[in-house]
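Numbering (this note's numbering), first residue to last: 1 to 263. Just so you know, even glycine gets a beta-carbon here, dropped at the ideal spot from N, CA and C.
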Amino acid sequence: MTIATAPRMALLSAMFLTIPSIYAATPIAATGANQDIIVEGYNPGGDLTTYATSSFDVANGSTFLAKGIGFGGDPGLLQSFVSESDPSVEFELLGGYDELNTLQLINGTSGTLTMVTPSAYSEIYVLTASANGSATGTATVNFSGGSSLVLAFASGDWYGSDDVAISAGPVYAGTSGGTRAYYTNGNDAPAPPRLFQYELAIPLAYQGLEVTSIDFSIDSAGNDQLYTSIMGLSGNAVPEPSVAAMISALGLFGLVRRKRANV
């Protein structure tokens with residue numbers, strides 16, 4: 001029986017369309033957030049705790065605004081977005097505006113994010129920023145079966161400019177009089193506060209293992225006002241062997257067709 005070329009290609013195309021993209025990093029759902037640092041209501045002069053459990057910059061009482069509260073042309077932090085530095089990376093906050101939405105670490109402490117659905121990854125991108133300086137530390141990636149991998153981790157100051165994932169707009173900030181005010185650029189700084197992406201590259205030898213959790217530890221000596229927030233994860237998933245084989249087969253089929261066409 002002979003199958004016409006067009007139907008055959010249509011069948012293969014339909015099969016290909018069912019395969020998830022292996023090139024784009026997509027949000028990773030995780031538990032372990034310990035603070036709500038996003039103000040989702042209009043409350044100038046009020047108490048920050050009306051809408052959040054903590055500030056991003058605890059030392060100065062400044063934190064993020066939610067997108068959609070209707071202040072100053074509707075600025076604020078989006079709940080999901082594509083990275084400004086790399087359009088192949090998509091992020092989503094760990095929680096909603098009125099939920100625990102960040103893993104906040106004080107200098108010298110650690111915390112864990114646990115994957116809702118363990119999966120294998122080639123790269124994991126961390127959505128993060130720090131207040132009152134940049135932070136350094138480690139990220140221990142834990143895998144199914146009990147193995148782990150310790151990687152370097154860094155989180156830039158929220159007014160930095162490298163590897164920007166999103167420019168977050170104004171902040172909800174404390175004033176000298178003890179009241180609250182909305183600043184277009186965060187205490188009149190020359191640039192809006194930002195969140196950054198930090199890449200955790202998973203070595204090839206570990207890419208066949210499912211990531212179950214990541215332990216973050218911050219250790220930047222001499223800064224007792226340093227606060228680091230980890231607000232989301234995104235990852236390039238490693239395809240299942242059957243999917244990878246199908247992709248290879250489709251590529252080989254295309255190569256054969258091109259060679260035949262040139263004969």
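- With contact defined as three or more Cβ pairs closer than 8 Å, the stretch 204-211 and the stretch 77-86 are not in contact.
- Around the C-beta of Leu204, fewer than 16 other C-beta atoms lie within 10 Å, and the residue is accordingly described as exposed.
- The Cβ atoms of Thr31 and Thr114 sit closer than 7 Å to each other.
- Assigned with DSSP and collapsed to three states, Leu127 falls in strand.
- With a 10 Å radius around the Cβ and a threshold of 16 neighbouring Cβ atoms, Gly96 comes out exposed.
- A direct Cα-to-Cα measurement between Leu200 and Asn142 gives close to 13 Å.
- Closest in C-alpha terms to Asn132, from the list Ala33, Ser220 and Tyr227, comes Tyr227.
- Distances from the CA of Ile38 to each of Thr26, Gly68 and Ile28 were compared; the closest alpha carbon is that of Gly68.
- Taking C-beta atoms as the reference points, Leu65 and Ile230 fail to come closer than 7 Å.
- Distance from the CA of Leu94 to the CA of Gly41, rounded to the nearest whole angstrom, comes to 19 Å.
- Judged by DSSP secondary structure, Ile218 falls within the beta strand (DSSP E) whose first and last residues are Val211 to Ile218.
- Within the DSSP secondary-structure output, Ala135 pairs in a beta bridge with Ser155.
- C-alpha of Gln35 to C-alpha of Asp98: approximately 10 Å in a straight line.
- For Val82, the enclosing beta strand (DSSP E) starts and ends at Ser80 to Val82.
- Secondary structure at Tyr97: coil, using DSSP grouped into helix, strand and coil.
- DSSP places Gln197 in the uninterrupted beta strand (DSSP E) bounded by Arg194 to Ala201.
- Annotation: the continuous beta strand (DSSP E) that includes Ile230 extends over Tyr227 to Ala237.
- Just so you know, the alpha carbons of Leu149 and Ser134 end up roughly 23 Å apart.
- Taken atom to atom, the span from the alpha-carbon of Phe56 to that of Ser62 is near 6 Å.
- Here Thr50 carries a helix assignment [DSSP, helix/strand/coil].
- When DSSP states are grouped into helix, strand and coil, Ala66 belongs to the strand group.
- Judged by DSSP in its simplified three-state form, Ala205 adopts helix.
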